[in-house]
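Visitor: Quick note: the sequence shown uses UniProt numbering, first residue 1, plus one each step. Just dropping this structure here.
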Amino acid sequence: MNVGSRCAETSILAAILFIAALAIGPVTIAVPDVLASVWAQITGGGEDARQDPALGSAYNVVATIRLPRAIIAALVGAALAVAGTVMQAVFRNPLADPGIIGVSAGAATAAVLAIVTGFSAVAAWALPASAFLGALGAVAIVQLAAAMRGGGPATLVLVGIALSAFLGAVTAAAIANAPSDSDIRGVAFWLNGDLVARTWEHVAIASLPIVLGIVLLLFFSRDLNILLMGDQAARTTGVNVRRVRVLTLTVAALITASAVAVSGVIGFVGLVVPHLIRLIIGPNHKALLPTAALAGAAFLLAADTIARMLFAPVTLQTGTVVAFIGSPIFLWLLLRGRRPAGWSA
Numbered sequence: 001m002n003v004g005s006r007c008a009e010t011s012i013l014a015a016i017l018f019i020a021a022l023a024i025g026p027v028t029i030a031v032p033d034v035l036a037s038v039w040a041q042i043t044g045g046g047e048d049a050r051q052d053p054a055l056g057s058a059y060n061v062v063a064t065i066r067l068p069r070a071i072i073a074a075l076v077g078a079a080l081a082v083a084g085t086v087m088q089a090v091f092r093n094p095l096a097d098p099g100i101i102g103v104s105a106g107a108a109t110a111a112v113l114a115i116v117t118g119f120s121a122v123a124a125w126a127l128p129a130s131a132f133l134g135a136l137g138a139v140a141i142v143q144l145a146a147a148m149r150g151g152g153p154a155t156l157v158l159v160g161i162a163l164s165a166f167l168g169a170v171t172a173a174a175i176a177n178a179p180s181d182s183d184i185r186g187v188a189f190w191l192n193g194d195l196v197a198r199t200w201e202h203v204a205i206a207s208l209p210i211v212l213g214i215v216l217l218l219f220f221s222r223d224l225n226i227l228l229m230g231d232q233a234a235r236t237t238g239v240n241v242r243r244v245r246v247l248t249l250t251v252a253a254l255i256t257a258s259a260v261a262v263s264g265v266i267g268f269v270g271l272v273v274p275h276l277i278r279l280i281i282g283p284n285h286k287a288l289l290p291t292a293a294l295a296g297a298a299f300l301l302a303a304d305t306i307a308r309m310l311f312a313p314v315t316l317q318t319g320t321v322v323a324f325i326g327s328p329i330f331l332w333l334l335l336r337g338r339r340p341a342g343w344s345a
């Protein structure tokens, strides 16, 4: 089966899981009503749909609660998977993930500080904005510090590890000095990652940077393929290795920051999805990047639906379900013996 067929299959799977996420819940909604509600939301017919006796209640549930949550799940899953794919190519290591250069740690620290200082209560955008700025700050520090030592992959990783450790200490200190138990619960909830109470405001915050970032990274597919050959071989083909590395890592960090800002810290998506898709379709990033985006969206949609329904009416955090699924896969990846040619140890 060719790569195009695999990508088409992944698209269909993502679409099915998206509709399932809208239909399945404490109140099950028929698929025709789901589609009608989505169409009304797209075409601006929400007011008529809300007043329709046959569709009104379904529309309220779909358009107000489930649709923004499903869109956020798809966006976050796609962003983390694409960012992980880029990180694995740049570092030539299939076990690299979006948090390797401190993005998640920066977002987490800024979000925790926003919660314990009360800034997150100012408006719905306050917490996502804080997390986004924290992630960008971490990326800037890592890039600047690594540039002083040549900006190689090993330097970037080491600086990222050091910064993550420092930010982890800041986060722990902030939690220890939280003024109330409710703040501590809020911090713990956010650090584990969840999509509960996602609104259209969150969609507006995340959609543009994530979509634009993914599209931009698609144009670097050829360069990412060449980077797998090693820096020296890439230079002989005319690729500006440092420029490609800085640009791709920066864009990957930006989409990761946008994802973490609206979902909290969700692990494993950017690690296991790119690796598994690479095993299925191969290392060509022209196919790997879009397929990973679709697979990441499908994976997080499925995980979020399971989180809502596994112990209903009790809802698990999305990050918890992702960890349950992702950790054994991660262990399997670690125990696999051989790595494809071009990957560093």
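No residue lacks a Cβ here, since even glycine has one placed at the ideal position from N, Cα and C.
Write down the C-beta distance between Val139 and Ala261 rounded to the nearest angstrom, noting that I regard them as a contact closer than 8 Å.
Guide: Val139 to Ala261, Cβ: 13 Å. No contact.
Visitor: Is the beta carbon of Ile210 closer than 8 Å to that of Ala78?
Guide: In contact: Ala78 and Ile210 (Cβ atoms closer than 8 Å).
Visitor: List the endpoints of the continuous alpha helix (DSSP H) containing Arg308.
Guide: From DSSP, the alpha helix (DSSP H) with Arg308 extends over His285 to Met309.
Visitor: Is it buried or exposed, Asp181, if we count other Cβ atoms within 10 angstroms and call 16 or more buried?
Guide: Flag for Asp181 reads exposed.
Visitor: CB-CB under 8 Å to Ile214, same chain, minus the five flanking residues each way: which ones, in chain order?
Guide: Hits under 8 Å: Ala78, Ala79, Val82, Ile255, Leu289 and Ala293.
Visitor: So Val313 is in the alpha helix (DSSP H); what residue range does that whole segment cover?
Guide: Reading off the sequence, residue 313 comes out as Pro, not Val. Where Pro313 is concerned, there is no enclosing alpha helix (DSSP H), given that its DSSP letter is neither H nor E.
Visitor: Pair every Cβ in the segment 38-47 with every Cβ in the segment 172-180, then say whether three or more of these pairs are closer than 8 Å.
Guide: No contact exists between the segment 38-47 and the segment 172-180.
Visitor: Taking the alpha carbon of Ala89 as the reference point, which residue from Ala121, Arg69, Leu300 and Met229 has its own alpha carbon closest?
Guide: Out of Ala121, Arg69, Leu300 and Met229, Met229 has the C-alpha closest to the C-alpha of Ala89.
Visitor: Could you tell me if Pro340 is buried or exposed, where buried requires 16 or more neighbouring beta carbons within 10 angstroms of its beta carbon?
Guide: Its pLDDT being 49, under 50, Pro340 is placed unreliably by the model, and the measurement read from it follows with that caveat. With fewer than 16 Cβ atoms within 10 Å of its Cβ, Pro340 is classed as exposed.
Visitor: Assuming Ala307 and Thr318 make a contact with CB atoms under 8 Å, what is their CB distance in whole Å?
Guide: Contact flag correct, Cβ pair sits at about 5 Å.
Visitor: By a C-beta neighbour count over all protein chains shown, 10 Å radius and 16 as the cutoff for buried, is Ile205 buried or exposed?
Guide: The residue is buried, with at least 16 neighbouring Cβ atoms inside 10 Å.
Visitor: For Arg69, is the classification buried or exposed, using 16 other Cβ atoms within 10 angstroms of its Cβ as the cut-off for buried?
Guide: Answer is buried; the Cβ neighbour count reaches 16.
Visitor: Note down the Cα distance separating Ser234 from Ile226, rounded to an integer number of angstroms.
Guide: Before going further, note that residue 234 is Ala rather than Ser in the sequence given. Looking at the two C-alpha atoms, the distance is approximately 6 Å.
Visitor: Going straight from the alpha carbon of Ala129 to that of Thr236, what length do you get?
Guide: The alpha-carbon atoms of Ala129 and Thr236 are separated by roughly 42 Å.
Visitor: Quick one: using the 10 Å Cβ neighbour count with 16 as the cut-off for buried, is Gly160 buried or exposed?
Guide: Buried is the call here.
Visitor: Going by alpha carbons, who is nearest to Trp332 out of Ile101, Ala124 and His275?
Guide: Per the Cα distances, His275.
Visitor: Whole beta strand (DSSP E) runs in the segment 40-73 with 3 or more residues, listed along the chain?
Guide: The segment 40-73 contains no whole beta strand (DSSP E) run of 3 or more residues.
Visitor: Can you find the residues in the same chain that come closer than 6 Å, C-beta to C-beta, to Leu224, ignoring five residues on each side of it along the sequence?
Guide: These residues qualify, in order along the chain: Ala89 and His285.
Visitor: Between which two residues does the alpha helix (DSSP H) harbouring Asp183 extend?
Guide: Where Asp183 is concerned, the enclosing alpha helix (DSSP H) stretches over Asp181 to Leu191.
Visitor: Sorted by chain position, which residues of the same chain lie with C-beta nearer than 6 Å to Gly137's C-beta, five sequence neighbours on each side aside?
Guide: Contacts found: Gly106.
Visitor: Can you tell me whether Asp223 is helix, strand or coil according to DSSP?
Guide: Helix at Asp223.
Visitor: Could you pull out every residue in the same chain whose Cβ sits closer than 8 Å to the Cβ of Leu55, ignoring the five residues on either side in sequence?
Guide: Correct list, in chain order: Asp33, Ala36, Ser37, Ala40 and Ala49.
Visitor: Have a look at Ala131 and Ala73 and give me their C-alpha separation to the nearest angstrom.
Guide: Cα-Cα distance, rounded: 17 Å.
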